[in-house]
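Novice:
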Amino acid sequence: NAGVTQTPKFQVLKTGQSMTLQCAQDMNHNSMYWYRQDPGMGLRLIYYSASEGTTDKGEVPNGYNVSRLNKREFSLRLESAAPSQTSVYFCASTLTDFTGELFFGEGSRLTVL
Amino acid sequence: GDSVTQMEGPVTLSEEAFLTINCTYTATGYPSLFWYVQYPGEGLQLLLKATKADDKGSNKGFEATYRKETTSFHLEKGSVQVSDSAVYFCALLFGGFKTIFGAGTRLFVKA
């Protein structure tokens with residue numbers, strides 16, 4: 001029972017490098033999300049996809065892009081990484097917009113030097 | 114805008130002590146309220162929720178009551194265990210797709 005799977009779990013980048021975080025869910029959920037978690041700041045929404053084919057900005061979208069590849073997969077791309085993007089990134093999904101319960105992956109810890 | 118404020122941690126308790134973690138919210142309407150828990154090295158998971166005023170959510174001995182008059186959703190447990198050591202997040206969802214989280218409260222329970 002995989003749920004939400006994120007890769008990679010750990011990554012170290014140099015400033016200016018690019019990378020993509022991958023996320024896949026096997027629960028047939030419609031909505032998917034990317035959050036970042038920083039100490040003392042809780043989780044902040046980067047981007048979300050309410051349904052296949054749509055994406056929207058969250059609270060902190062600058063420096064990121066996303067792709068909803070299909071219903072299962074939602075990727076997050078850093079085109080030119082900056083030290084301020086050092087964080088733990090979580091992908092989450094939910095069946096419908098209004099049920100509320102989010103299902104999270106285990107997180108991806110990214111360090112930008 | 115909508116926001117969630119929860120008590121700062123860390124909170125350190127002895128096993129079998131009573132736990133309260135305070136949470137208050139600001140929202141223009143009637144949000145659904147949640148508590149999520151994050152164990153070390155894991156993602157968040159739903160602990161309990163309440164969708165309307167005076168609802169009580171409960172799970173694993175934890176409880177929280179949706180208080181509209183005080184805009185609060187405090188988390189309580191009568192007797193904590195070492196295994197309850199984790200970070201607890203209060204959250205709200207109102208009128209759309211975006212769940213808003215508080216900053217999190219770390220709980221340490223000593224044997």
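Here the protein sequences come in this chain order: A and B.
Under this note's numbering, the first sequence has 34 at position 34, and the numbering climbs by one with no breaks.
Every position in the second sequence, counted from 1, becomes a number in this note's numbering once 113 is added.
Heads up, the beta-carbon is just placed ideally off N, CA and C, and yes, glycines get one too.
(1) Using a threshold of 7 Å, state whether the C-beta atoms of S67(A) and S75(A) are closer than that.
(2) Using a beta-carbon distance below 7 Å, is A199(B) in contact with chain A?
(3) Going by Cα to Cα distance, which pick from N28(A), H29(A), Y64(A), Q11(A) is closest to R109(A)?
(4) Based on Cα-Cα distance, which residue from E121(B), V195(B), A204(B), L159(B) lies nearest to T186(B)?
(5) Confirm, please, whether the CB-CB distance from E106(A) to E155(B) is below 7 Å.
(6) Can you pull the chain B neighbours of A82(A), defined as C-beta to C-beta under 7 Å?
(7) Please report the distance separating the alpha-carbon of N135(B) from that of G217(B).
(8) Which residues of chain A have a Cβ atom closer than 9 Å to the Cβ of G191(B), listed in chain order?
(9) Can you check the region 129–176 of chain B for any beta strand (DSSP E) of at least 3 residues that lies completely inside it and give the ranges in chain order?
(10) Buried or exposed for L69(A), please, with buried defined as at least 16 other CB atoms from any protein chain shown within 10 angstroms of its CB.
(11) Should F131(B) and G170(B) be called a contact, given that it needs their Cβ atoms to be closer than 7 Å?
(12) Could you work out which residue in T139(B), T133(B), Y152(B) is closest to V117(B) when comparing CA atoms only?
(13) Could you please give me the residues that DSSP links to A92(A) through a beta bridge?
(14) Please state whether the Cβ-Cβ distance between L220(B) and S198(B) is less than 7 Å.
(15) When we look at the beta-carbon of M27(A) and count the other beta-carbons within 10 Å, is it buried (16 or more) or exposed?
(16) Roughly how many angstroms separate the alpha carbons of S49(A) and V124(B), rounded to a whole number?
(17) By how many angstroms is the C-alpha of R44(A) removed from the C-alpha of F214(B)?
(18) DSSP three-state label for D197(B), please.
(19) What are the start and end residues of the beta strand (DSSP E) that includes S18(A)?
(20) Let me know if T133(B) comes out buried or exposed under the rule of 16 or more other beta-carbons within 10 Å of its beta-carbon.
(21) Just the Cα atoms here: how many angstroms apart are D115(B) and T141(B)?
Specialist: Let's see:
(1) yes
(2) no
(3) Q11(A)
(4) Rather than Thr, the amino acid found at residue 186(B) in this sequence is Phe. Comparing Cα-Cα distances from F186(B) to each of E121(B), V195(B), A204(B), L159(B), the minimum goes to A204(B).
(5) yes
(6) Those within 7 Å of A82(A) in chain B number zero; the least Cβ separation is about 23 Å.
(7) 11 Å
(8) Those do not exist, as G191(B) stays about 25 Å from chain A at its closest Cβ, beyond 9 Å.
(9) Runs of the beta strand (DSSP E) inside the region 129–176 of chain B: 132–134, 136–139, 145–151, 157–163, 169–172.
(10) exposed
(11) no
(12) T139(B)
(13) Y33(A), F104(A)
(14) yes
(15) By the neighbour-count rule (16 or more Cβ atoms within 10 Å), M27(A) is not buried but exposed.
(16) 35 Å
(17) In this structure, the alpha-carbon of F214(B) lies about 7 Å from that of R44(A).
(18) Per DSSP, reduced to three states, the secondary structure at D197(B) is helical.
(19) Run containing S18(A): none; DSSP gives neither H nor E here.
(20) exposed
(21) 7 Å
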